[in-house]
Amino acid sequence: MTLVAVGHVSDFPSGSRTRILVQGRELVILNVDGELHAVRNRCPHQGGPVGEGPVTVTVRADSHTCWDPTVMRDMHVLRCPWHGMDYDLATGLAVGNHRYRFRVYETRVDADGTVEVVL
Amino acid sequence: MQSGAQKETHHAASVASGAERRKSACSHSGSGYRVSYGQHGSIRKSPLGLLELPPRGGILCQTSYDLGQGRDHPFPVFTHGAPRKWDSRGRQQCSRGSRTSYLWRSQQMNATPPAEPAPTAKGDGGPLAHLFIADVDVHVHDDPGALAPYCDPPWDDALRELTHVHERYLDIPGFAIGWEGIDPPIPGRIPGVEDAGDHPDWETRVVRSADQLRSELSALHIDAAIVFPDNLLTLGALANPRYACALASAYNRWIEAEWLDVDRGLHAALVVAPHDPREGAAEIARWADRSGFAAIYLPTAAVNPPWGHAMYDPIYDAAQEAGLPVVFHSVGIIHPNFPHNVHAFSPAGVRHALLHPLGMITSLMSLIGSGVPARFPRLKVVFTEGGVSWVPFVAWRLDREYLERRREFPFYSEPPSHYVRQFFFSTQPIEEPEDPRLLVQLIEACPGADHILFASDWPHHDFDHPRVISRLPFTHEQKAAVLGETALELFRLRSGSGG
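Going down the list, the protein sequences come from chains W and F. Everything in the first sequence is counted per this note's numbering, starting at 1 for the first residue and increasing by one. Everything in the second sequence is counted per this note's numbering, starting at 1 for the first residue and increasing by one.
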């Protein structure tokens, strides 16, 4: 496990999206509703810049929703700008498709406000 | 079941006369399909695999089919051994020496075969002899006269009226809407030369009784089968929903009364008219407990909206509750509804090659699009008479779309190919690539050999012998599964070879 400092928490205000290069890997730090997410900026599908896609919601239809498509507001979804693949921002798993998963990294904020990414 | 000694005696009596006829026929025939004449007889199968079909009542030509046992080619070769003609009035001319007889094609199709003892099955050994073989698609001839006694009024009178209508293959105005007569007849029927015409009689081969069916299936090594209609393949093209539902009910009563015989391996698929799904669900509930109804036949030709539409949910719900698989079956008719709007395609072979798999693809896409496999997780779905090589193509296309448009498929937790692999697909008309390994690779890619079912489509012109499976480079276990074991479990069939 390697901790890499990527900046101060004030560098990543809510709603921001910051591209950084860490040990040769391009990451994107996203602040979504005050929560920091670090993701590899490479879609496992065809290599698109997934970290630059919109953070949005997706829909679900199952017996709990009486099979009506329902917006899933409990999940932040990162949508790849190349082909529109939806990924669960928390896990990196493609929504409804376990064949694809992009790298998400744990982030930590020190007492002094330093943001570190766990590689 | 007959004893082995009985089987041998039965065969021995037939081989001598059969051999003589074959010898005579070979004098003016290249190989394969031969014509012989004479008295009515039951099907006989010689040790060489020569199957001789009984003549239909009133038919003066007796045909025999060399099913290619011991040959290099996996399929029967149909070459006509005697000149024959259809004259301008639609009559078939059969010549035997100086004798010429005429037979109306409609009479040929409406004739009643003589009752004959069933032949033995699997008596000639060979790779198929020790396998349980289930055929998930055979056809019986449901002409209007057959259904009339079983039909509710006023439609029973309509069917009696239709007995006076000239019958063409899957094409009876007011009953079986085919629209197939858009190509010119192919000239070139030269006396003494193989009949290269557009309507050889093997295109009008029909099965009219349970005894006949059992006999013919036994000669094909088939132990158990699921019966489908001939003419009601076009049920979806009928415009009057009350009439369509009445025909479906009449057919099911007819099947129950005259065809079901699980002790002899004869099962059937319930016919459900797509026109009124609630009535279809009631029809399923009416027959669900009747032993022998092993599946529910859903016609795909001309059906609009396609089968994924929510209006059909009552049918799927009833099928799921009854534990009966639904079987989608197409037919090559011309109709304004997609994908049957092929009126600009010629010749018929192109339309036929296009329509069967496209009918399956259309139905499968529609089911996937509306979440049927997720919404009815216990529903078993079968696609028949489209071949199998299109399945991975469709699965991969859907997966690609799903990648980009997952939001349009909110029912699923896995890509569509996951659900396609839960469906079952029957083999006929099986693709025959030069390298059969390619076909096996495609099958293993999707849906997997464990979801492939053998179907012959007997007695139709493009039928497949079980040999098409035994000759593929499957493992022995895969062959056994495809030829029967999977169907046995899926449809809860019973074997009845030869009865």
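For each residue, glycine too, the CB sits at the ideal point set by N, CA and C.
Cβ neighbours of F:D450 in the same chain (closer than 7 Å, five flanking residues each side left out): Correct list, in chain order: A481 and T486.
Show which residues of chain W have a CB atom less than 9 Å away from the CB atom of F:G448. Correct list: empty, because the minimum Cβ distance to chain W is about 17 Å.
Which of the three DSSP states is assigned to F:E431 in this structure? DSSP, reduced to helix, strand and coil, places F:E431 outside both helices and strands of the structure shown, so it counts as coil.
In the structure shown, what three-state DSSP assignment does F:F491 receive? If DSSP states are grouped into helix, strand and coil, F:F491 belongs with the helices.
Please return the same chain residues whose Cβ sits closer than 8 Å to the Cβ of W:V115, not counting the five positions on each side in sequence. Within its own chain, the residues whose Cβ lies closer than 8 Å to the Cβ of W:V115, once the five positions on either side in sequence are excluded, are A5, V6, G7, H8, V9, D11, F12, I29, L36, T107, R108 and V109, listed in chain order.
Rounded C-beta distance between F:Y297 and F:A322? I'm assuming under 8 Å. Contact check for F:Y297 and F:A322: beta-carbon distance about 14 Å, past the 8 Å limit, so the pair fails to qualify.
Please state if the CB of F:P277 and the CB of F:I315 are separated by a distance shorter than 8 Å. If you check the CB distance, F:I315 and F:P277 come in under 8 Å.
Since F:H465 is in the alpha helix (DSSP H), which residue starts that stretch and which ends it? Per DSSP, F:H465 is not a residue of any alpha helix (DSSP H), being assigned neither H nor E.
Is there a Cβ of chain F sitting closer than 8 Å to that of W:G96, yes or no? At least one chain F Cβ lies under 8 Å of W:G96.
According to the Cβ coordinates, are F:A225 and F:L488 closer than 8 Å? Against a cut-off of 8 Å, the Cβ pair of F:L488 and F:A225 comes out as no contact.
Listed in chain order, which residues of the region 362-383 of chain F have Cβ atoms closer than 7 Å to some Cβ of chain W? Among the residues of the region 362-383 of chain F, those with a Cβ less than 7 Å away from any Cβ of chain W are G371 and R375, in the order of the chain.
Just confirm the distance between the C-beta atoms of F:H275 and F:A244, as a whole number of angstroms; I'd bet it's less than 8 Å. Rounded, the Cβ-Cβ distance is 5 Å, consistent with contact.
Among F:E256, F:V207 and F:N231, whose alpha-carbon lies nearest the alpha-carbon of F:Y150? Comparing Cα positions, the closest option is F:E256.
Using a beta-carbon distance below 8 Å, is F:S215 in contact with chain W? With a threshold of 8 Å between beta carbons, F:S215 makes no contact with chain W.
Can you pull the chain F residues whose beta carbon is under 8 Å from the beta carbon of W:D86, in chain order? Residues of chain F passing the Cβ test: R406 and R407.
In whole angstroms, what separates the C-alpha of F:I284 from that of F:L247? Going by the C-alpha atoms only, they are around 14 Å apart.
Across which residues does DSSP place F:T384 in a beta bridge pair? Residue pairing of F:T384 in beta bridges, as defined by DSSP: F:H329.
Enumerate in chain order the residues of its own chain whose CB-to-CB distance from F:A520 is below 7 Å, with the five nearest sequence positions on each side excluded. Beyond the ends of chain F as shown, which are 1 and 499, falls residue 520 of chain F; an answer cannot be given.
Against chain W, which members of the region 414-437 of chain F pass a CB distance test of less than 8 Å? Within the region 414-437 of chain F, the qualifying residues are E414 and P415.
Got a sec: which bits of the region 8-23 of chain W sit with their beta carbon under 8 Å from any beta carbon on chain F, in order along the chain? Residues: none.
Within the same chain, show all residues whose beta-carbon is closer than 7 Å to that of F:P229, passing over the 5 residues directly before and after it, in chain order. Excluding sequence neighbours, F:P229 sits near H139, V140, D142, Y251 and V271.
Compare the Cα-Cα distances from F:P336 to each of F:W179, F:F175, F:F132 and F:L213 and report the closest residue. Looking from the CA of F:P336, the closest CA among F:W179, F:F175, F:F132 and F:L213 belongs to F:W179.
Assess, as a yes-or-no matter, whether the region 462-481 of chain F is touched by the region 425-433 of chain F under the definition of 3 or more beta carbon pairs within less than 8 Å. Taking 8 Å as the limit for Cβ pairs, the verdict is that the region 462-481 of chain F does touch the region 425-433 of chain F.
So, helix, strand or coil for F:F293, using DSSP? Strand at F:F293.
Going along the chain, which residues of its own chain have a beta-carbon closer than 6 Å to the beta-carbon of F:F423, five neighbours each way excluded? Result list for F:F423: V381, in chain order.
Where does F:Q478 land, buried or exposed, given buried means 16+ other C-beta within 10 angstroms? By the Cβ neighbour-count rule, F:Q478 is buried, with 16 or more other Cβ atoms within 10 Å of its own.
Can you confirm whether the region 359-370 of chain F touches the region 306-313 of chain F when touching is taken to mean that 3 or more C-beta pairs between the two stretches lie within less than 8 Å? Yes: the two stretches touch, three or more of their Cβ pairs being nearer than 8 Å.
Which one or two residues does DSSP pair with W:V55 in a beta bridge? Note: W:V55 sits in a beta bridge opposite W:L78.
With 16 other CB atoms within 10 Å as the buried threshold, where does F:P347 fall? Under this definition F:P347 is an exposed residue.
Taking just the CA atoms, how far does F:V303 sit from F:L233? Roughly 11 Å between the two C-alpha positions.
Tell me, to the nearest whole angstrom, how far the beta carbon of W:M85 is from that of F:L403; I am working on the premise that it is less than 8 Å. A Cβ-Cβ distance of about 5 Å is found for the pair W:M85 and F:L403, placing them in contact under the 8 Å criterion.
What are the residues that DSSP puts in a beta bridge with W:E26? Note: W:E26 sits in a beta bridge opposite W:L21.
Among W:V71, W:P44 and W:S16, nearest to W:R121 - alpha-carbon criterion: Since the first residue shown for chain W is 1 and the last is 119, residue 121 of chain W is missing from the structure and cannot be characterised.
Taking beta-carbon pairs under 8 Å, can you tell me which members of the region 31-62 of chain W lie near chain F? Hits within the stretch, in order: H45, T58, V59, R60, A61 and D62.
Would you grab the beta carbon distance between F:I398 and F:L131 for me? Rounded to a whole angstrom, and I think it's under 8 Å. According to the sequence as given, residue 398 of chain F is Leu; it is not Ile. So it is not a contact: roughly 34 Å between Cβ atoms.
From F:I452 to F:D137, what distance separates their C-alpha atoms? When rounded, the separation of the alpha-carbon atoms in F:I452 and F:D137 is 13 Å.
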